[in-house]
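Residue numbers (the numbering used here): 1006 to 1188.
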């Protein structure tokens, strides 16, 4: 694939959605889970979406069950949870894998565009994640794969992947200002 806009993904009804539909918009593409310590991030993402959608932001939400099986349930159950618990109104897509041989091509592409640069220092969960990942793979930090739920990729209006945010990145202090720079 030459461009982000060449990808097609599945919505929660199993229908194809071309990312070309989002040309000219700023995108925040996120892998999510419903039973994760970072799940409350949904509230901040929804607030960001509501405040900046009219200016050109779309958040694309992809459930993933690869990290501790923290996204159980069907696409319909996940959508119901997100809507009832957090009032999510941004687009949600079908559950995918983000790493390994069955990784969704979009997420393989995103990882190739922006590699892992480390978790945010000062976040209370950073040492826990670093320890957990180092035990599973001492060389984890040198690999571009997604490390955990709520990894976010920021895409500009031309389809360029300009930034990767790990789940420890503060939405109001780090992510939101980066999004606003592109609007």
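Glycine included, every Cβ here is placed at the ideal spot set by N, Cα and C. As the structure is a computational prediction, the values presented were derived from the model and not from experiment.
- In the structure shown, residue 1177 adopts helical secondary structure according to DSSP, grouped into three states.
- For residue 1140, the three-state secondary structure derived from DSSP is helix.
- A distance below 8 Å separates the beta carbons of residue 1009 and residue 1166.
- Residue pairing from DSSP places residue 1023 in a beta bridge opposite 1013.
- Distances from the CA of residue 1032 to each of 1025, 1063, 1057 were compared; the closest alpha carbon is that of 1063.
- Listed in chain order, the non-local C-beta contacts of residue 1011 below 6 Å within the same chain number zero, local neighbours out to five positions each way being set aside.
- By the criterion of a C-beta distance shorter than 8 Å, residue 1021 is surrounded in its chain by 1013, 1014, 1015, once the five residues flanking it on both sides are discounted.
- By the neighbour-count criterion, in which 16 or more other beta carbons inside 10 Å mark a residue as buried, residue 1109 falls on the buried side.
- Close CB contacts of residue 1124 within its chain, under the 7 Å cut and outside five residues either way in sequence, are with 1131, 1134, 1135, 1171, 1173 (chain order).
- In the displayed model, residue 1121 falls within coil according to three-state DSSP, outside both helix and strand.
- Within the stretch 1040-1100, the complete alpha helix (DSSP H) runs of at least 4 residues fall at 1046-1057, 1080-1091.
- Beta-bridge pairing by DSSP links residue 1168 to 1159.
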